[in-house]
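The structure under discussion appears below in the form of structure tokens.
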Amino acid sequence: MENYKGIARACRDAVRKAKARFEMKLARDVKNYKKVFFRYVNNKQKQKDNIGPLLNRRGELVTNNAEKAEVLNTFFIFVFTSTVGPQVLGTKIQVVANTGQSSVKEELVCELLKKLDPYTSMVHNDIHLRVLTELADIVVRPLSIIFEKSWRLGNVP
-6 MENYKGIARA
4 CRDAVRKAKA
14 RFEMKLARDV
24 KNYKKVFFRY
34 VNNKQKQKDN
44 IGPLLNRRGE
54 LVTNNAEKAE
64 VLNTFFIFVF
74 TSTVGPQVLG
84 TKIQVVANTG
94 QSSVKEELVC
104 ELLKKLDPYT
114 SMVHNDIHLR
124 VLTELADIVV
134 RPLSIIFEKS
144 WRLGNVP
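Numbered continuously in the numbering used here, the sequence shown closes out at residue 150.
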């Protein structure tokens, strides 16, 4: 048994060394033998040709390739064309007594503007967040008026 393990280990080492030598030679001669190099590299890549069964909107299992393409197409159309809703900032606007009127304070708006991450992408109105954070002291008054009117009217003025 020990003899078998020794021979198997020696064989495994020899195969590994031969493979390493072959790959080194292939890398060294890549300029002269491009086809051989790329054929070897492409054979080493794992390719997944098959997509498993998918569920369509009705909950039915789809196995046909054309139907799978339709399911994926409708999914990605929905993902890339759906409108993005308003961002929730996670802060509560104070409601004054029980009158239902809000008091949007400029300090709160300014604080929230300065907390925005300036390195993320633009919001849907094409104003970069870096501009909002740097100009927070200047735009805080008009924004708080807009927020106050939005709160009272129920829509953006």
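Don't be surprised by glycine CBs; every beta carbon is placed ideally from N, CA and C.
Thinking just about the alpha-carbon of each residue, which of Tyr112, Glu104 and Thr113 is nearest to the one in Leu136?
Glu104
Would you report the Cα separation of Glu127 and Glu100, rounded to the nearest angstrom?
15 Å
Proximity of Val124 and Val102 at Cβ, strictly below 8 Å
no
Check the DSSP bridge columns for Val132 and list the partner residues they point to.
DSSP lists no partner for Val132.
Residue range of the alpha helix (DSSP H) that Met17 falls in?
Glu(-5) to Arg21
Which of helix, strand or coil DSSP assigns to Leu109:
coil
Can you tell me where the alpha helix (DSSP H) with Val124 in it begins and where it stops?
Leu122 to Glu127
Using beta-carbon positions only, say whether Lys61 and Leu47 come within less than 8 Å of one another.
yes
Determine the direct distance from the alpha carbon of Lys98 to that of Trp144, and round the result to whole angstroms.
12 Å
Among Ile139, Ile120, Ala129 and Asp22, whose alpha-carbon lies nearest the alpha-carbon of Lys107?
Ala129
Could you check where the alpha helix (DSSP H) with Val97 kicks off and where it finishes?
Unbroken run through Val97: none, as it is neither H nor E.
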